[in-house]
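K.L.:
Each number in the working numbering comes from the position in the sequence shown (counting from 1) with 30 added on.
Ideal Cβ positions, reconstructed from N, Cα and C, are used throughout, including at glycine.
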Amino acid sequence: MRQWRGALVGFGHVAVQGHLPAWQRQEDVRIVAVCDADSSRRALARELLPQARVYERMDELLEKECVDFVDIATPPSCHAEQVEAAARAGVHVLCEKPLTTSLDEFVRMQQCVRSAGVVLHTVHNWRFSEAYIALRQAMQREQLGPIQQISLKTIRPGCAAGAAGSWRLDPRLAGGGILVDHGWHAFYLLTELAGELPEAISAAVSRRRYVDALVEDTAFCSVVFPCLKADLHLTWAGRTRHTSWTIVAEGGQLRLENSRLEVQSARGAFSLDLPSPAAGSHHPDWFDGVIAEFRAALAQPRAGYDNLCEAGLCVALLEQAYRSAREQGRAIEVVVPCP
């Protein structure tokens with residue numbers, strides 16, 4: 031059996047609690063190196079992975095190590111440079127969301143990995159949550175027909191703290207606020223549910239908890255598709271953690287409130303109790319599905335095409351949502367940069 035050699039770039043909470051446990055469940059994968067600019071995180075890497083070599087800089091890691099892939103879990107501002115460095119070294123890339131917050135950077139990364147012949151795969155882990163899988167299965171089983179409206183709400187009592195503090199509140203590192211952090215997830219989920227490409231987006235953002243921050247902590251978006259409309263409500267200003275998804279279709283309705291999924295259709299009504307997607311921030315059990323997708327793309331690069339298209343779509347929606355917010359909520363056309 032071939033042994034895959036990987037490196038973790040960024041050893042913060044999401045890498046340690048979300049990514050690493052899933053990689054350690056892969057019998058044919060070894061994490062042979064770790065890179066982090068923070069000395070305390072490097073010390074933790076030596077403690078948790080005593081057989082791995084630990085570096086302060088990614089360029090040194092790429093120069094000294096022979097790895098098949100890097101798993102990047104650094105703040106968004108680092109992603110473009112790190113993705114391109116790995117690609118130039120001929121190394122495949124799995125990268126945390128958001129891949130980038132700039133369409134120009136996305137196009138440049140896309141061209142770089144294409145020229146290098148390596149895979150670039152973004153972590154879209156929410157589609158592997160038990161709640162989302164159950165929702166999709168219920169839609170198919172109950173034969174609800176075409177979707178007419180989607181509403182996704184993500185309410186949190188503050189932003190997740192990183193190992194290096196609240197970097198999510200620093201626009202230089204995060205690239206934005208809750209639209210970047212949770213909007214990205216919402217964009218790929220609602221687009222998959224809609225089954226069609228968005229035409230336009232309008233948005234409004236505000237600061238309700240972090241009033242002195244330079245990023246938004248609350249966002250409302252409306253996304254227009256050819257045959258339906260989707261609404262998003264995202265906030266770090268809630269009192270508790272709460273996730274709510276509502277889908278209205280021609281033949282019924284599905285509603286998820288944290289851990290309870292309620293389904294109404296022509297066949298009747300029923301409910302399911304599920305693990306709540308609002309429980310925790312790192313979701314190591316969801317990462318197994320991400321790894322399976324990434325490995326499928328490594329085996330057959332064409333398999334990764336949809337993920338790269340999806341990432342480009344998320345960047346386009348993100349960039350145009352911020353533009354709409356700057357222009358008092360004017361609807362902005364969405365042009366998808368499909369590779």
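Using CA coordinates, which residue listed in E172, C108, R285 and T131 is at the minimum distance from S295?
P.N.:
Out of E172, C108, R285 and T131, E172 has the C-alpha closest to the C-alpha of S295.
K.L.:
Specify, as a first and last residue, the run of the beta strand (DSSP E) that Y85 falls within.
P.N.:
Here the beta strand (DSSP E) through Y85 covers R83 to Y85.
K.L.:
Please state whether the Cβ-Cβ distance between S159 and P307 is less than 8 Å.
P.N.:
Yes, the pair counts as a contact, with Cβ atoms nearer than the cut-off.
K.L.:
Nearest to Q140 by alpha carbon, out of W156, H122, N155 and Q179?
P.N.:
Residue H122 is the option with its Cα nearest to Q140.
K.L.:
Do the stretch 179 to 199 and the stretch 266 to 284 make contact, defined as three or more Cβ pairs closer than 8 Å?
P.N.:
Taking 8 Å as the limit for Cβ pairs, the verdict is that the stretch 266 to 284 does touch the stretch 179 to 199.
K.L.:
If you drop the 5 nearest sequence neighbours on each side, which residues of the same chain put their C-beta closer than 6 Å to that of V235?
P.N.:
Excluding residues within five positions, the ones whose Cβ falls inside 6 Å are E246, A249 and A355.
K.L.:
For C125, list the residues DSSP reports as bridge partners.
P.N.:
Answer by DSSP bridge pairing, in chain order: I102 and T152.
K.L.:
Whether or not the stretch 146 to 160 and the stretch 213 to 220 are in contact is what I'm after, with contact meaning three or more pairs of Cβ atoms, one per stretch, closer than 8 Å; do they touch?
P.N.:
Counting Cβ pairs under 8 Å, three or more are found: they touch.
K.L.:
Once you ignore the five residues that flank G319 on each side, which residues in its own chain have a CB closer than 8 Å to its CB?
P.N.:
Once the five neighbours on either side are set aside, the close Cβ partners of G319 are N155, R157 and F158.
K.L.:
Whole angstroms is fine: what's the gap from V46's alpha carbon to E280's?
P.N.:
C-alpha separation (whole angstroms): 43 Å.
K.L.:
Suppose only complete runs of 3+ residues qualify. What are the beta strand (DSSP E) ranges in the stretch 211 to 252, listed by chain order?
P.N.:
Segments of the beta strand (DSSP E) lying fully in the stretch 211 to 252: 230 to 236.
K.L.:
Taking the Cβ atom as the reference point for each residue, do G334 and F136 lie within a distance shorter than 8 Å?
P.N.:
No; because the gap between Cβ atoms is not below 8 Å, this pair is not in contact.
K.L.:
Identify the residues that DSSP records as bridge partners of G282: which are they?
P.N.:
For G282, which the question treats as bridged, DSSP gives the partners A279 and S295.
K.L.:
From the DSSP output, in three-state form, read off C65 for me.
P.N.:
Note: C65 maps to strand in three-state DSSP.
K.L.:
Looking only at C-alpha atoms, which of Q170, M169, V62 and A115 sits nearest to A146?
P.N.:
Nearest of Q170, M169, V62 and A115 to A146, Cα basis: A115.
K.L.:
Please report how far the alpha carbon of A260 lies from the alpha carbon of V100, in whole angstroms.
P.N.:
Each residue's alpha carbon lies about 35 Å from the other.
K.L.:
Using a 10 Å radius around the Cβ and a threshold of 16 neighbouring Cβ atoms, would you call G42 buried or exposed?
P.N.:
Label assigned to G42: buried.
K.L.:
Smallest Cα separation from H263: which of A233, M31 and R202?
P.N.:
For H263, the nearest C-alpha among the options comes from A233.
K.L.:
How many Å lie between L129 and S289 at the Cα?
P.N.:
Taking the straight line from one Cα to the other gives about 29 Å.
K.L.:
Am I right that A37 and L209 are in contact with their C-beta atoms under 8 Å? What's the rounded C-beta distance?
P.N.:
The Cβ separation is near 30 Å, so there is no contact.
K.L.:
May I have the straight-line CA-CA distance separating A230 from E222, to the nearest angstrom?
P.N.:
Taking the straight line joining both Cα atoms gives about 16 Å.
K.L.:
Should A267 and R238 be called a contact, given that it needs their Cβ atoms to be closer than 8 Å?
P.N.:
In this structure, R238 lies closer than 8 Å to A267 by Cβ.
K.L.:
Can you list, in chain order, the residues of its chain whose CB lies under 7 Å from that of T40, leaving out five sequence neighbours each side?
P.N.:
One detail in the question is off: residue 40 reads as Gly in this sequence, not Thr. These residues qualify, in order along the chain: D66, I102, A103 and T104.
K.L.:
From the DSSP output, in three-state form, read off D261 for me.
P.N.:
Three-state result, D261: strand.
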